[in-house]
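Down below is the structure, laid out as structure tokens.
In the working numbering, the protein residues as written are 1251 to 1647.
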């Protein structure tokens, strides 16, 4: 009986010991090996249905030592923390983005000029200027150059035909603008997208070109050769689509010189406007001492005719400018305008930019106009508020 019990116990406690642990096991005999002494624990198999006896082991030996865990340092919370300012990239569509500059201060005042303009002078005659405009247009690819071996007569005929084609394309472009304006108006009337500033300027330019189209066509049919001279002496008669590049540059230069001359020759008129609106914050058109001719010259408008006609021009121009200001605020305050477009916008508002003004300076000057015009004192209107601003611009304060 004892023999069978011993066999049963031996079967129940049969151990599979790996070969690598043989020397260790033979050295300690039947002593149980703890998990921390060997890498592989003994694998026990129960071969019979008899209940294995409970193996009592020392609790102190079976417990593994706790792992050494270094205490985590407490995180210090500094409040408030420094906030890094992210500088915006150039060319972004955001309305207030400007190129980062630490030392540059914004020019929140109208452009100032210390010297009167030099008069527009040229040593060329009217015929020579007309020939120069045609040659420059040929070099720029607007007109086709005559053959190099052409005789003077053939050269004259070739240039006349090229001018006729250019004017014909200009008249046809007005018709293209008519279709575009019609599509814009039909879209707005049907509840489509809101009118943009570029579309509003296209409509205004188209209206002006239509008024000039009839006398221009008559001039083409009667004497085509007189059109280059009309660009010299009466540039406002030509539609915008029928002006050569050289003529356009000369018209812009003369207009700038005229506006800058009005800034110096009518300084007393603009200072009187400033004194008139110093307390109220605006100046009405019926104010005594308002010189409509001086205002027209500062805004680049024709100053001929009686005073009521000049006042009507100023009022209509300032009303159009007020609508343009609203669109500029809605479209990013001029952030997407180029240097040429910013210069044109400033000239329309009576501000003559410096010749080497940077993009940031032009944009800041436009912001001055938009911010100042946005203030509406009690009893003022868009026209009266902008009249005071013209006084500030003309007085150079």
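Ideal placement from N, C-alpha and C gives every residue a C-beta, glycine not left out.
Simplified DSSP assignment, three categories, for residue i
| i | result |
| --- | --- |
| residue 1554 | coil |
| residue 1194 | No information on residue 1194 is available, as it lies outside the stretch 1251 to 1647 that the chain covers here. |
| residue 1469 | helix |
| residue 1446 | coil |
| residue 1350 | Below a pLDDT of 50, predicted positions are generally treated as unreliable, and residue 1350, at 35, falls in that range; no measurement from the model is reported. |
| residue 1402 | helix |
| residue 1540 | coil |
| residue 1525 | helix |
| residue 1455 | helix |
| residue 1396 | coil |
| residue 1631 | coil |
| residue 1439 | helix |
| residue 1531 | coil |
| residue 1503 | helix |
| residue 1637 | helix |
| residue 1367 | coil |
| residue 1427 | helix |
| residue 1361 | coil |
| residue 1646 | coil |
| residue 1484 | coil |
| residue 1408 | helix |
| residue 1420 | helix |
| residue 1478 | helix |
| residue 1509 | helix |
Option in the options with minimal Cα separation from residue i
| i | options | result |
| --- | --- | --- |
| residue 1388 | 1473, 1573, 1496 | 1496 |
| residue 1427 | 1479, 1491, 1374 | 1491 |
| residue 1637 | 1481, 1602, 1523 | 1523 |
| residue 1531 | 1470, 1641, 1543 | 1641 |
| residue 1571 | 1624, 1526, 1473, 1517 | 1624 |
| residue 1377 | 1368, 1361, 1406 | 1406 |
| residue 1477 | 1404, 1381, 1605, 1552 | 1381 |
| residue 1607 | 1599, 1618, 1590 | 1590 |
| residue 1566 | 1599, 1579, 1583, 1518 | 1599 |
| residue 1486 | 1550, 1603, 1622, 1453 | 1550 |
| residue 1611 | 1422, 1627, 1628, 1592 | 1592 |
| residue 1583 | 1605, 1552, 1617 | 1617 |
Alpha-carbon spacing of residue i relative to residue j, whole angstroms
| i | j | result |
| --- | --- | --- |
| residue 1547 | residue 1363 | 16 angstroms |
| residue 1432 | residue 1439 | 11 angstroms |
| residue 1632 | residue 1416 | 41 angstroms |
| residue 1559 | residue 1639 | 21 angstroms |
| residue 1412 | residue 1469 | 16 angstroms |
| residue 1514 | residue 1601 | 13 angstroms |
| residue 1620 | residue 1577 | 11 angstroms |
| residue 1520 | residue 1409 | 47 angstroms |
| residue 1499 | residue 1482 | 11 angstroms |
| residue 1401 | residue 1385 | 16 angstroms |
| residue 1536 | residue 1613 | 32 angstroms |
| residue 1436 | residue 1449 | 13 angstroms |
| residue 1249 | residue 1390 | The first residue shown for the chain is 1251 and the last is 1647, placing residue 1249 beyond what the model contains. |
| residue 1630 | residue 1545 | 19 angstroms |
| residue 1615 | residue 1596 | 8 angstroms |
| residue 1489 | residue 1529 | 43 angstroms |
| residue 1345 | residue 1585 | Because residue 1345 sits at a pLDDT of 33, beneath the cut-off of 50, its placement in the model cannot be relied upon, and the point is left open. |
| residue 1542 | residue 1563 | 9 angstroms |
| residue 1366 | residue 1511 | 7 angstroms |
| residue 1634 | residue 1397 | 58 angstroms |
| residue 1434 | residue 1447 | 12 angstroms |
| residue 1403 | residue 1395 | 14 angstroms |
| residue 1452 | residue 1517 | 34 angstroms |
| residue 1505 | residue 1594 | 11 angstroms |
| residue 1644 | residue 1568 | 16 angstroms |
| residue 1421 | residue 1626 | 43 angstroms |
| residue 1357 | residue 1609 | Per-residue confidence for residue 1357 stands at a pLDDT of 46, beneath the threshold of 50, marking its modelled position as unreliable; the derived number appears in the next sentence. Distance between the alpha carbons of residue 1357 and residue 1609 is about 12 angstroms. |
Neighbour-count burial assignment, residue i, 16 or more Cβ in a 10 Å radius
| i | result |
| --- | --- |
| residue 1554 | exposed |
| residue 1286 | Caution is warranted here: a pLDDT of 47 is assigned to residue 1286, below 50, making its placement in the model unreliable, and the coordinate value is therefore given only provisionally. Classification of residue 1286: exposed, given that the 10 Å Cβ count is below 16. |
| residue 1441 | exposed |
| residue 1456 | buried |
| residue 1424 | buried |
| residue 1575 | buried |
| residue 1466 | buried |
| residue 1383 | buried |
| residue 1374 | exposed |
| residue 1540 | buried |
| residue 1419 | exposed |
| residue 1458 | exposed |
| residue 1526 | buried |
| residue 1461 | exposed |
| residue 1471 | exposed |
| residue 1603 | buried |
| residue 1533 | buried |
| residue 1360 | buried |
ask   = Can you list, in chain order, the stretches of the alpha helix (DSSP H) that have 4 or more residues and sit fully within the stretch 1543-1619?
value = Listed in chain order, they are 1557-1580, 1589-1598.
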